[in-house]
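Peer 1: Be aware that the sequence shown starts at 6, since it is given in the working numbering, and climbs by one per residue.
Cβ coordinates follow ideal geometry from the N, Cα and C atoms, glycine included.
Small disclaimer: the values here were computed from a predicted structure and weren't measured.
Sharing a structure below in structure tokens format, with a few things to ask.
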Amino acid sequence: MRSSSRRAAGFLAAVCLLIGIGANAQQSEVMVGDVRFPSLRWGVRTAEIDMTSTSDYVKFIVAEIDMSFTGSYLHPQRRVRSSFILPPGEKMTANPSILVPGNYGRAQTMIRLYSVVDTLDEILPGQKIFEQPFTFVFHVPEALQQRMETRITLPPRVESHPYFDNEFSRLLLVMLAEGKSVAEIAALAECDSSFVESQVEIMVQENYLRRVEGRIELLVPVIGAAEAEAAREKAVALSDALAAIITKNLPRLAPVRDSLIKANRMSADSGAFFDPGTVLFKSYPTVGALALWWDLGTAFITRSAPLLIYDGSDLCNANIPTYMYVVEGGGWVNGHHFYAPEASVGSFEIGFGDTIPPVTCSPDFIRWKGSAGMVHYTLPESFTPTQLMVDTAVVRPAIEAITAGTDSLLANAYTELRDMAVDQFGHKRLDYGYRYWFWNLVATRTLDQLIEQGVVSRPANGQVRLTGMES
């Protein structure tokens with residue numbers, strides 16, 4: 006079936022599949038009629054809902070529209086609420102907003118209507134007067150089908166943000182890196198140029214792009230599939246070498262720890278929670294969080310500068326232009342470590358895990374971007390981290406013993422990676438973001454090997470949080 010609405014939508018395949026209607030519509034004194042979608046393309050759109058009041062009083066109506074994608078490798082979800090006043094005894098067509106993310110696949114959409122006393126109050130289940138699901142299918146345009154075979158990955162937490170949790174936002178960065186214009190991208194994606202412009206503007210505001218004399222210039226490294234595979238080979242070699250060195254060095258940990266105990270710099274009690282050196286009794290945070298990331302990761306990525314990936318942002322907004330990257334190739338060419346240090350004057354915290362925890366953010370977190378202490382998030386109970394205290398001055402001798410002999414290894418790896426990125430693939434330099442992506446792959450493979458070989462003992466959920474003093 007091909008309708009004019011479908012042709013206008015471009016890749017909208019199924020206009021609407023009506024499943025049911027709210028049983029309370031009659032009781033609410035609001036009669037709900039047809040629901041229509043004149044044009045359902047990416048961006049902010051509107052529905053048309055016919056409503057008739059049979060009441061002698063004004064009715065305040067809240068429309069809530071959820072859209073969630075399934076069937077693709079990304080599953081963005083959006084919810085929008087709109088409010089309306091329905092005069093007594095009158096008929097009207099409401100136009101609630103729908104936010105359609107730039108994604109392909111099947112989109113399950115649910116429309117709910119509530120009759121409320123005050124549109125600013127919390128909506129209660131008993132106020133629902135209408136509920137109806139719809140299904141839409143957004144097909145991949147022929148011009149992009151080959152591109153969609155390769156998944157595109159962004160840094161941990163960035164790829165969960167609504168700006169980047171959809172396929173088009175990631176394709177956009179890749180196509181801009183290829184030099185394509187907004188008009189060319191819109192034609193390939195069969196979407197409105199205004200939508201492409203709106204996404205570009207978001208990324209300009211996030212400092213991932215900038216406009217220069219009419220051109221759009223990327224400020225982050227985009228790493229194609231061939232380049233990612235070539236870099237992966239270097240990461241494999243480096244991680245194998247690191248795993249061998251750490252395995253050889255780890256027996257040095259106990260003597261260094263004993264000397265620290267003898268010097269009264271740490272407790273001999275492995276369960277002394279508040280002791281600044283207790284972490285050295287636990288191989289997983291010592292090797293994973295401190296040796297591979299706090300020490301070697303900093304040395305490889307930022308050299309002498311602190312490695313503060315989410316500095317100036319938070320785990321929900323995750324605006325990290327300094328460490329941003331875009332990589333084609335999926336999980337095969339990406340690490341899965343989560344490293345989130347936070348620093349203040351004289352103290353720090355390090356969140357670390359060998360898997361990226363699912364973070365549930367407060368609904369209004371984007372509104373509070375950049376407002377310290379205003380963005381709140383929670384972790385599932387199964388991801389609650391093991392809490393430990395640490396003093397970097399105390400543990401440093403032990404970490405140096407574990408990583409001894411790696412300096413030249415890292416220096417050579419950096420030089421080889423830089424030469425490949427610049428000479429073979431045309432990057433201007435080896436950005437922090439590029440190094441961060443590469444190091445996550447290296448650290449992930451290294452720690453996985455050490456755990457598999459029994460050198461390092463992994464805690465139940467692989468999540469730790471270190472709190473202490475920076476020296």
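(1) Between which residues of its own chain and Y213 is the CB-CB distance below 7 angstroms, once the five residues before and five after are set aside?
(2) For L22, count neighbouring Cβ atoms within 10 angstroms of its own Cβ and tell me buried if that reaches 16, exposed if not.
(3) Measuring alpha carbon to alpha carbon, tell me which of S198, I361 and A448 ends up nearest T389.
(4) Quick check: F319 and G467, are their CB atoms within less than 8 angstroms of each other?
(5) Under 8 angstroms, do I54 and A112 count as touching if we go by C-beta distance?
(6) How far does the alpha helix (DSSP H) with F173 in it reach, from first residue to last?
(7) Run through the DSSP bridge pairs and tell me what A377 is partnered with.
(8) Which partner residues does C366 have in the DSSP bridge list?
(9) Using 8 angstroms for Cβ pairs, my map puts A310 next to L471. What's the rounded Cβ distance?
(10) Do you know how far the Cα of N254 is from the Cα of D396?
(11) Could you have a look at G131 and say whether DSSP puts it in helix, strand or coil?
(12) Kindly indicate the opening and closing residues of the alpha helix (DSSP H) around I456.
(13) Would you check if the distance between the CB atom of V331 and the CB atom of V338 is smaller than 8 angstroms?
(14) May I have a chain-ordered list of the alpha helix (DSSP H) segments no shorter than 4 residues that lie completely inside the region 298-353?
(15) Quick check: the Cα distance between P464 and K267, rounded to an integer number of angstroms?
(16) Which term fits I90, buried or exposed, when burial requires 16 or more other beta carbons within 10 angstroms of its beta carbon?
(17) Could you give the distance in angstroms between the alpha-carbon of W442 and the alpha-carbon of D436?
(18) Helix, strand or coil: how does DSSP classify T245 here?
(19) Residue ranges of each beta strand (DSSP E) run of no fewer than 3 residues wholly in the region 179-243, ordered along the chain?
(20) Give the straight-line distance between the Cα atoms of I306 and G334, rounded to the nearest whole angstrom.
(21) Give every residue of the same chain whose Cβ lies closer than 6 angstroms to the Cβ of Q458, excluding the five residues on either side of it in the sequence, and list them in chain order.
(22) Do the region 256-264 and the region 362-376 make contact, defined as three or more Cβ pairs closer than 8 angstroms?
(23) For the region 63-103, which segments carrying the alpha helix (DSSP H) assignment without a break, of at least 4 residues, lie completely within its bounds, in sequence order?
(24) Buried or exposed for Y168, please, with buried defined as at least 16 other CB atoms from any protein chain shown within 10 angstroms of its CB.
(25) Drop a sphere of 10 angstroms on the beta-carbon of S58, count the other beta-carbons inside from all chains shown, and report buried for 16 or more, exposed for fewer.
(26) First and last residue of the alpha helix (DSSP H) that includes L414?
(27) Among the residues of its own chain, which have a CB less than 6 angstroms from the CB of L177, if the five just before and after it don't count?
(28) State yes or no: is the C-beta of S288 within less than 8 angstroms of the C-beta of S462?
(29) Give me whichever residues DSSP pairs with D359 in a beta bridge.
(30) If you pair each beta-carbon of the region 419-434 with each one of the region 277-286, do three or more pairs fall below 8 angstroms?
Peer 2: Checking against the coordinates, here is how it stands:
(1) Within the sequence shown, residue 213 is the residue found at index 208, counting from 1. Within the same chain, Y213 has close Cβ partners L224, V225, P326 and M329.
(2) To locate residue 22, count along the sequence shown from 1; it is residue 17. Confidence at L22 is low in this model, with a pLDDT of 38, below 50, so its placement is unreliable and the value that follows should be read with caution. So L22 counts as exposed.
(3) In the sequence shown, counting from the first residue as 1, residue 389 sits at position 384. The option with the nearest alpha carbon to T389 is I361.
(4) Locating residue 319 in the sequence shown gives position 314, counting from the first residue. Locating residue 467 in the sequence shown gives position 462, counting from the first residue. Here the sequence assigns Asp to residue 319, which means Phe is not the residue at that position. Taking 8 angstroms as the Cβ cut-off, D319 and G467 do not qualify as a contacting pair.
(5) Against the sequence shown, residue 54 aligns to sequence position 49. Against the sequence shown, residue 112 aligns to sequence position 107. At a Cβ-Cβ threshold of 8 angstroms, I54 and A112 do not count as neighbours.
(6) Stepping through the sequence shown from its first residue, residue 173 is reached at position 168. Looking at the DSSP string, the run of the alpha helix (DSSP H) that includes F173 is E172 to A182.
(7) Working through the sequence shown from its first residue, we reach residue 377 at position 372. Note: A377 sits in no beta bridge, so no partner.
(8) Residue 366 sits at position 361 when you count from the first residue of the sequence shown. According to DSSP, which records beta bridges pairwise, C366 is partnered with Y382.
(9) As a working mapping, residue 310 is identified with position 305 in the sequence shown. As a working mapping, residue 471 is identified with position 466 in the sequence shown. Rounded, the Cβ-Cβ distance is 20 angstroms, inconsistent with contact.
(10) Taking the sequence shown and counting its residues from 1, the one referred to as residue 396 is at position 391. Taking the sequence shown and counting its residues from 1, the one referred to as residue 254 is at position 249. The alpha-carbon of D396 is positioned some 21 angstroms away from that of N254.
(11) As a working mapping, residue 131 is identified with position 126 in the sequence shown. Three-state result, G131: helix.
(12) Counting from one through the sequence shown, the residue named residue 456 turns up at place 451. Element bounds for I456: Y437 to E457.
(13) Looking up residue 331 in the sequence shown gives position 326. Looking up residue 338 in the sequence shown gives position 333. No, the pair does not count as a contact, with Cβ atoms beyond the cut-off.
(14) Runs of the alpha helix (DSSP H) inside the region 298-353: 301-306.
(15) As a first step, residue 464 is located in the sequence shown; it is residue number 459 there, counting from the start. As a first step, residue 267 is located in the sequence shown; it is residue number 262 there, counting from the start. Taking the straight line joining both Cα atoms gives about 28 angstroms.
(16) The count along the sequence shown starts at 1 and reaches residue 90 at position 85. With fewer than 16 Cβ atoms within 10 Å of its Cβ, I90 is classed as exposed.
(17) Here residue 442 refers to the residue found at position 437 of the sequence shown. Here residue 436 refers to the residue found at position 431 of the sequence shown. So the two alpha carbons sit approximately 10 angstroms from each other.
(18) Along the sequence shown, one-based indexing puts residue 245 at 240. The sequence shown places Asp at residue 245, not Thr. Three-state result, D245: helix.
(19) Fully enclosed beta strand (DSSP E) runs of 3 or longer: 214-217 and 220-223.
(20) Within the sequence shown, numbered from 1, the residue matching residue 306 stands at position 301. Within the sequence shown, numbered from 1, the residue matching residue 334 stands at position 329. The straight-line gap from Cα to Cα measures roughly 22 angstroms.
(21) Here the question's residue 458 lines up with position 453 in the sequence shown. In the same chain as Q458, and ignoring 5 residues on each side of it, no C-beta atom comes closer than 6 angstroms to its own.
(22) The answer is no - the region 362-376 does not touch the region 256-264, with fewer than three Cβ pairs under 8 angstroms.
(23) Counting only unbroken stretches of 4 or more residues, no alpha helix (DSSP H) element lies wholly within the region 63-103.
(24) Mapped onto the sequence shown, residue 168 falls at position 163. Taking a 10 Å sphere around the C-beta of Y168, we find 16 or more other C-beta atoms and assign the residue as buried.
(25) Sequence index remark: in the sequence shown, residue 58 carries index 53 (1-based). Its Cβ being crowded by 16 or more others within 10 Å, S58 is buried.
(26) Along the sequence shown, read from residue 1 onward, the residue named residue 414 stands at position 409. D412 to D424 is the span of the alpha helix (DSSP H), which, as asked, contains L414.
(27) The residue given as residue 177 occupies position 172 in the sequence shown. Q204, listed in sequence order.
(28) Taking the sequence shown and counting its residues from 1, one reaches residue 288 at position 283. Taking the sequence shown and counting its residues from 1, one reaches residue 462 at position 457. Contact flag set, yes.
(29) In the sequence shown, the residue the question calls residue 359 occupies position 354. Paired residues: none, contrary to the question.
(30) Because the criterion of three Cβ pairs below 8 angstroms is not met, the region 419-434 and the region 277-286 do not touch.
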